[in-house]
Amino acid sequence: MLLQETGSSVGEGSHPEEIVAWMLSRFAGQRLVLTTSFGMEGCVLVDMVARHGQPIPVVYLDTGFFFPETYRLRDRMVARYPQLRFENRGTSLTPEQQEARFGPELWRRDPDFCCRLRRVDPMRQALAGEDAWASGLMRSQSTSRAGIRVVDWDSQYQLMKVSPLAGWDRQQVWDYVRRHDVPYNELHERGYPTVGCTHCTAPVEGAGPASYTRIGRWAGTGKTECGLHEVEGLRSKDRQTETSDPTTFDVCLRP
């Protein structure tokens with residue numbers, strides 16, 4: 008189905024709310040899931056989706072190492088958006104079991120393996136069998152994310168990935184939060200531009216809610232990504248965006 012057949016046309020430069028509306032129409036009747044780690048961008052995307060009133064599943068991965076503030080935000084989001092189905096698909100491996108099997112402070116000794124156990128493998132299970140995945144990624148978040156496309160084939164999880172906020176920056180996200188009174192993590196007001204696990208997230212001097220940097224994540228390790236998003240080489244040759252106009256997209260799903 009081409010976008011022109013639906014009477015709508017959206018592309019890389021379209022407003023995120025237009026992209027969300029297109030996404031919900033394009034994947035109607037298919038398995039579409041929204042994921043969030045309760046970062047500000049994810050909360051904004053949840054709000055945009057919720058405005059359409061469809062019972063879309065919102066998957067999050069409780070790593071067992073959330074900040075108390077993140078759990079409080081989760082509860083506020085669930086109460087604020089009852090039309091959505093929030094699902095914790097985090098690992099069943101408790102922190103105590105992890106320590107018994109792999110030793111103490113795995114996040115310090117081997118952060119990549121820790122992220123695989125508590126984030127990447129659970130996400131792979133959560134996305135298995137889904138047709139499309141909506142994410143709050145933005146190109147402005149880091150140089151490694153600068154090539155993100157609004158719609159792409161994700162070879163890591165083998166499904167279509169939609170990033171409606173790809174063209175935005177944190178200031179635009181923060182403006183939306185204030186305009187629509189979207190819940191957000193109170194740690195953003197205490198110098199945490201991003202919020203992950205307690206052991207691997209540190210405040211950044213001078214950072215406020217409208218600023219974004221990942222230097223407070225896994226500080227001193229050179230690591231800036233948990234591995235959930237393979238932001239380079241997402242597109243496979245047989246699943247590229249199909250269009251005669253490079254600024255307007257349609258997608259081709261598996262038959």
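Quick note on numbering: the sequence shown equals residues 8 to 262 in our numbering. C-beta: ideal position from N, C-alpha, C; glycine also.
* Asked: Roughly how many whole angstroms lie between the Cα atoms of F256 and A139?
  -> With a pLDDT of 48 at F256, under the threshold of 50, the predicted position of this residue should be treated as unreliable, and no value is reported.
Sheet register partners of R125 (DSSP bridge)
R125 pairs with nothing; no bridge assigned.
For this session: Jot down the residue ranges of each uninterrupted beta strand (DSSP E) in the stretch 139 to 192, minimum 3 residues, whole runs only, in chain order.
Result: 139 to 141, 158 to 161, 166 to 169
ask   = Any idea if F120 is buried or exposed, counting beta-carbon neighbours within 10 angstroms, 16 or more meaning buried?
value = exposed
Going by CA-CA distance only, name the one from R177, A133, Q61, L124 that's closest to T42. A133
task = Just confirm the distance between the C-beta atoms of C207 and W114, as a whole number of angstroms; I'd bet it's less than 8 Å.
result = 6 Å
Spell out the partners DSSP gives E94 in its beta bridges.
V66
*Could you give the C-beta distance for T98 and L80, rounded to a whole number, given that I count them as a contact under 8 Å?*
With 8 Å as the limit, T98 and L80 do not qualify as a contact, their Cβ atoms being about 20 Å apart.
Q) Taking the continuous alpha helix (DSSP H) assigned at V85, which residues delimit it? A) 75 to 87
At what residues does the alpha helix (DSSP H) containing L52 begin and finish?
47 to 57
| query | Given E196, which residues of its chain have a CB within under 7 Å of its CB, disregarding the five upstream and five downstream residues? | reply | P216
- request: Helix, strand or coil for P23, going by three-state DSSP, please let me know.
  value: helix
Next item on the list: Taking the CB atoms as reference points, tell me whether E193 and E76 lie closer together than 7 Å.
Entry: yes
(Q) Measuring only the C-alpha atoms, how far is S147 from V157? (A) 13 Å
- Message: If distances are taken between C-alpha atoms only, which option among K168, D161, V53 comes closest to Y88?
- Response: V53
When DSSP builds the beta bridges, which residues end up paired with V40? W140
For the alpha helix (DSSP H) that A107 lies in, which residues bound it at each end?
-> 102 to 109
*Pairwise C-alpha distance: V189 and R58*: 12 Å
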